[in-house]
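Trainee:
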Amino acid sequence: MKNPKVKFVISADKDIENYILFKKYSTGGIKFLNMFLPEKLHGKKDETIKKYVQDNFNLRKEEIDKNVKKIKKEWQNIEKKYFDLVNKIFKNHPWSKGKYIGYASVFDMYPRNIKEKTFFFPALRQSKFPIMVTGHELLHFIFFDYLAKKYNYKGTKKHGKKAEYVWQISEVFNSVIENWSPYYKILKFDGAKKKPYTGVKYFEKMRKLWQENQDIDFLLDNYFKYEPK
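Going letter by letter, the sequence shown gives residues 361 to 589 in our numbering.
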C-alpha cells in the first residue's frame with residue numbers, strides 16, 4: 361500500500377482563499393469567525409484582512425520559510441511511524457488519490473478539503489503544533505474515505521445520520537486517537553491530549569470502546585449502526 365507524500369506549501373494567495381472560504385461557509389457567524397482571527401482584525405473589512413495576510417507573508421518571510429523547513433524535516437522524521445500506525449488502525453485501507461498539500465496560514469483556522477486532500481497548518485507556530493495539525497487532518501482524510509467505503513457515506517444524510525453528526529464523530533475519533541498512547545508517542549504534543557471542541561458527549565463512550573477493543577469496525581459500528589438517529 362502506498363502512503364501519500366505530504367507537501368508543505370507557502371502561499372499568501374491560498375491563505376487569503378482560506379479566510380474567504382472559512383467566512384463564507386462558517387455556520388457560526390462572525391462571533392465564530394472572530395475566534396480564529398487576531399483581535400485587531402475583528403470587524404475589519406475583507407480588504408484589510410487580505411492586506412494583513414500579504415504583509416505577514418512579506419514582512420515575516422524569513423521566519424515563515426524557516427518554520428516550514430523545520431516542519432518538513434519534523435514530518436519526515438515521523439511519517440513512517442505515523443503511517444505504519446494509522447494503516448494498522450484502518451486495516452490497511454488504501455489512501456485515496458488527492459493532492460495531500462498543507463498550506464501555511466497566518467491565522468488560527470486550519471480547515472480541510474476532504475475531496476482534494478488539502479489542509480492548512482500554522483505558519484507562525486513551533487514545529488510540534490503544525491505536525492499535530494498535519495496528523496489530525498490526515499486522520500480526517502482516511503476516516504471519511506473509510507466511512508464512505510464501509511457505510512456508503514457520501515457527505516449527505518445517510519442511514520438517518522446528519523452530516524453534522526458524522527463530522528462530530530470524526531472529531532471525537534481524532535481526539536480519542538490523539539489521547540491514545542501509541543499515537544501520542546509518535547507526535548508527542550501535549551496540546552492534543554484534550555477533549556474535542558465538538559461532540560464532547562460522545563467522547564467518554566468512544567474512548568472506553570477504544571480501550572476495550574482497538575478495532576475500527578467495532579468502534580464505528582457503535583456509532584453508525586446502533587446509535588439513536
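We put the beta carbon where it would ideally sit given N, CA and C, even for glycine.
1. Would you grab the beta carbon distance between V369 and Y463 for me? Rounded to a whole angstrom, and I think it's under 8 Å.
2. On the premise that E531 lies in contact with T558, defined as a C-beta separation below 8 Å, what is that separation, rounded to the nearest angstrom?
3. Since W570 and W540 are thought to touch, with beta carbons under 8 Å apart, how far apart are those beta carbons, to the nearest angstrom?
4. Quick one: measure Cβ to Cβ for V413 and I502, integer angstroms, because I've assumed they're closer than 8 Å.
5. Starting from T478, trace the beta strand (DSSP E) in both directions and tell me its first and last residue.
6. Can you say whether L419 is buried or exposed, counting buried as having 16 or more other CB atoms within 10 angstroms of its CB?
7. Going along the chain, which residues of its own chain have a beta-carbon closer than 8 Å to the beta-carbon of I576, five neighbours each way excluded?
8. Using a 10 Å radius around the Cβ and a threshold of 16 neighbouring Cβ atoms, would you call H496 buried or exposed?
9. Between I502 and chain D, is any beta-carbon pair separated by less than 7 Å?
10. Do you know how far the Cα of E572 is from the Cα of I380?
11. For the candidate residues K459, D444 and I461, whose alpha-carbon lies nearest to that of H453?
12. With C-beta atoms as the reference, is S487 less than 7 Å away from K441?
13. My guess is that I390 and L401 are in contact by the Cβ rule of under 8 Å, so how many angstroms apart are they, rounded?
14. Going by C-alpha distance, which of S386, K555, F467 and K367 is nearest E524?
15. Identify, in the order they occur along the chain, each residue of the same chain with its Cβ nearer than 8 Å to the Cβ of I673, setting aside the five sequence neighbours on each side.
16. Between which residues of its own chain and N473 is the CB-CB distance below 8 Å, once the five residues before and five after are set aside?
17. Once DSSP output is grouped into helix, strand and coil, what is the label at V369?
Mentor: Reading it off the structure:
1. By one-based count along the sequence shown, residue 369 stands at place 9. By one-based count along the sequence shown, residue 463 stands at place 103. That pair is a contact at about 5 Å.
2. Locating residue 558 in the sequence shown gives position 198, where the first residue counts as 1. Locating residue 531 in the sequence shown gives position 171, where the first residue counts as 1. Confirmed, about 5 Å.
3. The residue labelled residue 570 in the question sits at position 210 within the sequence shown. The residue labelled residue 540 in the question sits at position 180 within the sequence shown. Correct: roughly 7 Å between the Cβ atoms.
4. As a position in the sequence shown, residue 413 is number 53, starting the count at 1. As a position in the sequence shown, residue 502 is number 142, starting the count at 1. Not confirmed; about 30 Å, so no contact.
5. As a working mapping, residue 478 is identified with position 118 in the sequence shown. First-last of the beta strand (DSSP E) with T478: T478 to P482.
6. To locate residue 419, count along the sequence shown from 1; it is residue 59. By the 10 Å Cβ count, L419 comes out exposed.
7. Taking the sequence shown and counting its residues from 1, the one referred to as residue 576 is at position 216. Same-chain partners within the cutoff: I449, F450, K451 and Y506.
8. Position 136 of the sequence shown, counting from 1, holds the residue named residue 496. Classification for H496: buried.
9. Looking at the structure shown, chain D is missing, and only one protein chain is on hand.
10. Locating residue 380 in the sequence shown gives position 20, counting from the first residue. Locating residue 572 in the sequence shown gives position 212, counting from the first residue. Approximately 43 Å, taken between the alpha carbons.
11. One-based indexing of the sequence shown puts residue 453 at position 93. Nearest of K459, D444 and I461 to H453, Cα basis: D444.
12. Taking the sequence shown and counting its residues from 1, one reaches residue 487 at position 127. Taking the sequence shown and counting its residues from 1, one reaches residue 441 at position 81. Going by C-beta atoms, S487 is not nearer than 7 Å to K441.
13. As a working mapping, residue 390 is identified with position 30 in the sequence shown. As a working mapping, residue 401 is identified with position 41 in the sequence shown. Actually they do not touch by this definition, with Cβ atoms about 11 Å apart.
14. Residue numbering aside, residue 524 sits at position 164 when the sequence shown is read from its first letter. If we check each option's Cα against that of E524, S386 comes out closest.
15. Absent from the model: residue 673. The displayed extent of the chain is 361 to 589, so no value can be given.
16. One-based indexing of the sequence shown puts residue 473 at position 113. These residues qualify, in order along the chain: F479.
17. Taking the sequence shown and counting its residues from 1, one reaches residue 369 at position 9. Note: V369 maps to strand in three-state DSSP.
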